[in-house]
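Worksheet: the structure to be examined is printed underneath.
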Amino acid sequence: MTKTTDAALEIARTYVNAMEKKDVATIVSISTEDVVCTSPLGQTTGIEHFRAFQDGFARMVTKLTVLAVHGDEEQAVVVYDVETHPVPHAIVAELIKVRDGKLASTDVIYDATSFAAYAASVQPH
Numbered sequence: 056m057t058k059t060t061d062a063a064l065e066i067a068r069t070y071v072n073a074m075e076k077k078d079v080a081t082i083v084s085i086s087t088e089d090v091v092c093t094s095p096l097g098q099t100t101g102i103e104h105f106r107a108f109q110d111g112f113a114r115m116v117t118k119l120t121v122l123a124v125h126g127d128e129e130q131a132v133v134v135y136d137v138e139t140h141p142v143p144h145a146i147v148a149e150l151i152k153v154r155d156g157k158l159a160s161t162d163v164i165y166d167a168t169s170f171a172a173y174a175a176s177v178q179p180h
């Protein structure tokens, strides 16, 4: 009998708990150097771009509540409710893929309508 692991599930739990705590260092430490993040904002590739993405998100978050984390050894899904400075309430889902025990990619899914409305209302500096 072959033992399977829930590597992606464990990475996903660590990831979403770190987001809840605004712990970008932990997020970076569990990610591959060539991590890919795709969201309604576009796609980033590489650990430094992912760090910048996560830093920006952490600065916006006022509260993050984990709703669900499900996965197996290769991929996981996290769902959370996030309150941010620009948008008071958003439900977000992320599809996380793991390679060699690290977060290799995440597809971030949310309704960007409220965020776009906020961005349109902000005066450029």
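Here the sequence shown is numbered in this note's numbering, starting from 56 and rising by one per residue.
Glycine residues also receive a C-beta, built at the ideal position from the N, C-alpha and C atoms.
- Under the rule that a run must span 3 or more residues, the beta strand (DSSP E) segments found entirely inside the region 109 to 164 read 116 to 126, 130 to 139, 145 to 154 and 157 to 164.
- Here Y173 is exposed, its C-beta having fewer than 16 other C-beta atoms within 10 Å.
- Listed in chain order, the non-local C-beta contacts of K118 below 6 Å within the same chain comprise E138, local neighbours out to five positions each way being set aside.
- Around the beta carbon of Q98, a 10 Å sphere encloses fewer than 16 other beta carbons of the protein chains shown; the residue is thus reported as exposed.
- Within the same chain, D136 come within 6 Å of I146 by CB-CB distance, once the 5 residues on both sides are set aside.
- Shown here, T93 sits in a strand according to DSSP, grouped into three states.
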